[in-house]
Each structure stands twice: as C-alpha cells, then as structure tokens.
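Residue numbering for the sequence shown follows the numbering used here, beginning at 12 and increasing consecutively.
We put the beta carbon where it would ideally sit given N, CA and C, even for glycine.
As the structure is a computational prediction, the values presented were derived from the model and not from experiment.
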Amino acid sequence: MTIPLIIDTDPGVDDAFALALAARSPEVDLLGVTTVFGNVSIDHTTRNARRLLALLGSDSPVARGADRALGDVSRPDARHVHGDDGLSGKAFTLPEDDRIDARDAVEFLRDTIDSSPTPVTIAAIGPLTNIARLLDTHAGRVGRLVVMGGGLTGGNVTPHAEFNIWSDAEAAHRVFAERPVLVPIDLTRRCAVDGAWLESLTGRIGTTLAGLTTRYREFYLEANGIDGILVHDAVAVAEAINPGILTTRPHLLAVDTANGDTHGAIVPGTHPVDVAEDTDVEALRAFLHERLSGS
Ligand code: RIB
Ligand code: CA
Numbered sequence: 012m013t014i015p016l017i018i019d020t021d022p023g024v025d026d027a028f029a030l031a032l033a034a035r036s037p038e039v040d041l042l043g044v045t046t047v048f049g050n051v052s053i054d055h056t057t058r059n060a061r062r063l064l065a066l067l068g069s070d071s072p073v074a075r076g077a078d079r080a081l082g083d084v085s086r087p088d089a090r091h092v093h094g095d096d097g098l099s100g101k102a103f104t105l106p107e108d109d110r111i112d113a114r115d116a117v118e119f120l121r122d123t124i125d126s127s128p129t130p131v132t133i134a135a136i137g138p139l140t141n142i143a144r145l146l147d148t149h150a151g152r153v154g155r156l157v158v159m160g161g162g163l164t165g166g167n168v169t170p171h172a173e174f175n176i177w178s179d180a181e182a183a184h185r186v187f188a189e190r191p192v193l194v195p196i197d198l199t200r201r202c203a204v205d206g207a208w209l210e211s212l213t214g215r216i217g218t219t220l221a222g223l224t225t226r227y228r229e230f231y232l233e234a235n236g237i238d239g240i241l242v243h244d245a246v247a248v249a250e251a252i253n254p255g256i257l258t259t260r261p262h263l264l265a266v267d268t269a270n271g272d273t274h275g276a277i278v279p280g281t282h283p284v285d286v287a288e289d290t291d292v293e294a295l296r297a298f299l300h301e302r303l304s305g306s
C-alpha cells in the first residue's frame with residue numbers, strides 16, 4: 012500500500028533533495044506539492060517546485076501558497092544561503108514548466124485530503140503558514156504530519172530559533188496542536204553530507220542535484236569551515252516515506268510567539284509532539300544516496 016503524500020515546501024536547495032527523494036520513492040504516491048514563502052519569495056519557490064518536478068518527470072500538481080506569515084508579518088528570507096533564485100542561481104538550468112494548479116495551496120490540500128480514500132501524509136518542510144490555515148477546517152483529518160523545523164538546543168536563524176518555525180511562529184504554534192512528528196536541526200545537523208558524498212551522486216538526477224548546491228555549499232564552508240551541506244528537508248521526507256527510520260520521543264511543547272529575542276524558540280508547553288531524536292546516520296546517508304543517484 013503506497014503512502015499518499017503531499018509536500019509543502021519552499022525550494023530551497025535542501026527542499027530540492029527532498030522533492031527528488033519523494034518523486035523517486037515507490038513507497039509514496041506524491042499527490043501534490045504546495046508552496047510557501049521562506050528561503051526565497053513565493054514566486055521563486057513556486058517556479059522552483061514546478062521545474063524540479065519537471066526535472067524529475069513528475070506530473071504531480073503544484074499549488075501556490077502563502078507569500079507571508081499569518082498576520083501579514085514579513086520576515087527576512089534565506090537567499091544568502093540558497094542563492095537569490097533559491098537554487099544557487101541554477102534554477103534557469105531546469106526544464107521550463109509553468110503548469111500551476113488553479114487552486115491555492117490550502118484549497119488543494121483540503122480537496123486532496125477530502126478525496127483521498129486513505130489518510131494523507133503531509134511533509135511540511137518550510138514555514139507552516141499553509142498548514143495552519145488548513146487546520147482551520149481540517150484539524151484531526153491529516154493522516155500524518157511530518158514537520159522539518161525547530162531546534163531544542165538552539166537555533167540557526169537566531170541563537171534560539173530555527174528558520175521554518177521562526178518564519179511563522181504563530182502558524183507553528185497552531186500546527187503543534189496536530190501532534191506532528193518534528194524533525195529538528197538537532198538531528199538534521201548530525202546528518203550532514205560532505206563534498207565527496209555530493210560529488211559521488213550519479214546519473215542525470217544525482218549530478219543535477221549536486222549542481223544546485225554550489226551557493227549552499229559555499230555558505231556552509233564560509234559559516235562552518237567544512238565542505239558539506241545539511242539536507243534538513245530530505246531527513247524529514249525520509250521519515251514520511253519510511254516511517255520509523257527516525258527514532259522519536261514524545262515531548263510537550265509550544266512555540267514562543269512573543270516578539271522578543273527568543274521569538275520562534277521551541278519551549279515547554281502543552282502540545283504533544285513526537286520529536287525525532289536519533290537515527291542510524293550512515294544508513295540514512297546510504298538510503299538518500301541510493302535514492303538520489305541514477306538516471
Ligand atoms: O532551518 C532549515 C529549514 O529552513 C529547511 O527547511 C530549509 O530549506 C529552510 O527552509
Ligand atoms: Ca525548506
């Protein structure tokens with residue numbers, strides 16, 4: 012039985028790896044991709060999602076989502092990490108495709124959940140604005156929700172907050188009420204892949220993905236002095252595809268939505284959240300490499 016999957020995403024270099032993983036995994040039926048602002052603008056993330064699926068030979072629909080956080084709050088993007096176009100300046104090299112679903116992301120999510128004969132998994136790998144809006148009408152009706160985000164021992168966009176959560180903290184706090192699996196940077200940082208791993212990706216897809224990392228790889232070299240990248244979103248999608256590949260433990264959590272220095276931090280609260288705390292890192296790297304290599 013394949014898993015019906017929707018990915019909500021802000022591509023984004025690591026999002027590209029995650030989309031490729033889903034499109035090349037027989038365990039899932041990729042019902043669609045919804046886009047959200049985040050790493051770059053909604054225009055760029057939507058175009059990137061469509062063109063990445065064209066590269067992957069996927070006709071899954073793409074539906075455009077939120078261009079800013081709930082409450083019309085705007086926060087800085089991450090173009091300095093992913094490149095101005097979100098894909099290290101290489102988006103133009105991807106196949107042209109401008110087919111975007113007539114529905115917006117939330118309508119698409121609602122319709123797809125309502126019409127699916129089996130519970131739908133959502134992998135949310137960007138800011139959670141679309142998912143929070145979905146839950147206004149569909150709380151309790153998402154089969155499984157896997158969220159890439161948060162940092163229990165510190166952040167990446169501030170010392171306290173991780174980018175996806177920080178970008179729309181109010182949305183994240185609402186989504187925590189849906190008992191997600193949370194895949195935080197505490198774990199994704201342990202799953203970094205190095206330059207040799209990237210350069211050993213083979214085939215049209217593997218080499219194209221590696222080619223999309225140039226700016227992203229420079230950022231990590233400049234920031235950490237290491238030649239490698241964090242494939243945060245692919246770690247989360249691996250859990251959506253292969254439930255249990257990550258080891259989780261329940262926590263009672265909330266998101267700091269106040270506008271102070273700790274805005275977007277994950278804090279003790281009342282929402283049960285299954286936090287991914289461990290994995291066999293080498294096995295996960297091998298799984299990703301195998302799925303992302305080849306024609
Ligand atoms: O903090 C990492 C997350 O923020 C990833 O989803 C990355 O793509 C960015 O969206
Ligand atoms: Ca992302």
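- Histidine 91 has its Cβ no nearer than 6 angstroms to any heavy atom of ligand 1.
- Val84 is the residue among Val84, Arg302 and Arg110 whose C-alpha sits nearest the C-alpha of serine 178.
- Beta-carbon to beta-carbon, threonine 140 and leucine 81 are separated by about 6 angstroms, close enough to satisfy the 8 angstroms threshold.
- In summary, proline 138 is buried, with 16 or more beta-carbon neighbours lying within 10 Å of its beta-carbon over all protein chains present.
- Excluding residues up to 5 positions away in sequence, Leu198, Thr258, Thr259 and Arg260 lie with their Cβ nearer than 7 angstroms to the Cβ of glutamate 288 in the same chain.
- In terms of side-chain proximity, the C-beta atom of aspartate 25 is found nearer than 6 angstroms to a non-hydrogen atom of ligand 1.
- With respect to alanine 31, valine 39 sits apart: the two C-beta atoms are not nearer than 7 angstroms.
- A straight-line Cα-Cα distance of about 13 angstroms links isoleucine 142 and valine 131.
- If only uninterrupted beta strand (DSSP E) runs of at least 3 residues are considered, those enclosed by the segment 138-216 are 155-159 and 192-194.
- Beta bridge pairing from DSSP links glycine 239 with Asp205.
- Taking C-beta separations shorter than 8 angstroms and ignoring five residues to either side along the sequence, the partners of isoleucine 237 in its chain run Ala203, Asp205 and Tyr231, following chain order.
- Glycine 160 sits close to glutamate 173, with the two beta carbons spaced by under 7 angstroms.
- Checking the 6 angstroms criterion, the Cβ of aspartate 21 is within range of a heavy atom belonging to ligand 2.
- The Cβ atoms of glycine 76 and valine 47 lie closer than 7 angstroms to each other.
- With three or more CB-CB distances shorter than 8 angstroms, the segment 276-290 counts as touching the segment 182-199.
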